[in-house]
Amino acid sequence: DGGITQSPKYLFRKEGQNVTLSCEQNLNHDAMYWYRQDPGQGLRLIYYSQIVNDFQKGDIAEGYSVSREKKESFPLTVTSAQKNPTAFYLCASSIIPGGFLVYGYTFGSGTRLTVV
Amino acid sequence: SQELEQSPQSLIVQEGKNLTINCTSSKTLYGLYWYKQKYGEGLIFLMMLQKGGEEKSHEKITAKLDEKKQQSSLHITASQPSHAGIYLCGADEAAGNKLTFGGGTRVLVKP
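Protein chains in written order, with our numbering: chain A, 22 to 137; chain B, 1186 to 1296.
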C-alpha cells in the first residue's frame, strides 16, 4: 500500500542535542512538507521541497534543517538552536501536476517530540 | 501571508444534533481543503473546494465555499461520536504550492 511513514512516533531529546525525524513516502509525490503543531493550535510550515535537492523555508524555519537527496525521503533535523522544540511534527506530501497544488496533501501519522 | 480564522475554537454537541464550523480568509481562496484529525494522529482529507459557490457532500458532512471565495463552512448533520476530533481548514496561496492552516476546531459529541 502506498503511503507516507513518519518515525519514530515518540522522541525524547535532551537539552542541546540535535535530533532527526524521518519521513518517507512511496506515493511518487513530487513535493514534501514539514509542519509543526502546538497544543490547541493549527499547523505551521517549517520547510517544504518541490523537487530533489531543493527546498524552501516556511514560516518558522529557524532552528530546523532539512535535506532532499531522494524523492522518497525528506528528513527534518531539530537543532539545539530551536529553543522550544516540544511539539507534534507532521510530514506531508503532494503531487503538483503542471506545477500547481491540485489535490491537497497526504499526511503522515506524526512524531511527538519532547525535550527532557 | 494568508491567514485563516476558524470558528468556533471548540464546541460540544449532543449526539444527533447538527453543527457548523466556519473558516474565513483575509484573501481570495484559490483552493480550500478540509481535514479531520484525531488527537495525536495525522490529518485525514475530507473535501476540497475550488469554485465560488461550490458545495460538496460526503455522507453526513457538507462543505461550502462562498461566491467571493473568502469563506467556507463545514456542516455535519445528525452528529455521531465518530465525528469527534479536530477539524482544520487549509488553503493554498496562488502558485505557492503550499497550504496555510486555520487554528482548528475541536469537536466533542456527547452520547
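Don't be surprised by glycine CBs; every beta carbon is placed ideally from N, CA and C.
Under the Cβ criterion of 9 Å, B:I1229 is counted among the residues facing chain A.
Among the CB atoms of chain B, one or more fall inside 9 Å of the CB of A:I117. Residue nearest to B:S1211 within the set B:V1294, B:K1221 and B:G1287 is B:G1287 (criterion: CA-CA distance).
For A:I25, the uninterrupted beta strand (DSSP E) run begins and ends at I25 to S28, by DSSP. Fully enclosed beta strand (DSSP E) runs of no fewer than 3 residues occupy 31-34, 40-46, 52-58, 64-72, 75-78 and 85-87 of the segment 28-87 of chain A, in order along the chain. Short of 8 Å from the beta carbon of B:L1293, and not among the five residues preceding or following it, lie these beta carbons of its own chain, in chain order: S1195, L1196, I1197, V1198 and A1269. The C-beta of A:S70 has 16 or more other C-beta atoms within 10 Å across all chains shown, which makes the residue buried. Within chain A, the residues whose beta carbon sits less than 7 Å from that of B:Y1218 are G125, listed in sequence order. Burial is judged here by how many other beta carbons sit within 10 angstroms of a residue's own beta carbon; B:I1229 has fewer than 16 and is exposed. No residue range can be given for B:D1251, since it is assigned to no beta strand (DSSP E) and is classified by DSSP as neither H nor E. By a beta-carbon distance limit of 8 Å, A:Q46 does not contact A:I72. Their separation comes to about 14 Å. Contact of A:Y69 with chain B is assigned, a C-beta pair being separated by under 9 Å. Contact check for A:P96 against A:S43 passes: the beta carbons are separated by less than 9 Å. If you draw a straight line from the Cα of A:V99 to the Cα of A:S86, it comes to about 7 Å. The Cβ neighbour count for A:Q77, taken over all protein chains shown within 10 Å, is under 16; the residue is labelled exposed.
Ranking B:E1188, B:Y1224 and B:H1260 by CA distance to the CA of B:H1243 puts B:H1260 first.
When C-beta distances to chain B are compared with 7 Å, the residues of the segment 23-54 of chain A below that value are A52 and Y54, in chain order. Spatial neighbours of B:K1241 in its own chain (CB-CB distance under 6 Å, excluding positions within 5 residues in sequence) are listed in chain order as M1232 and A1248.
With its beta carbon at least 9 Å from every one in chain A, B:T1213 lies outside the interface.
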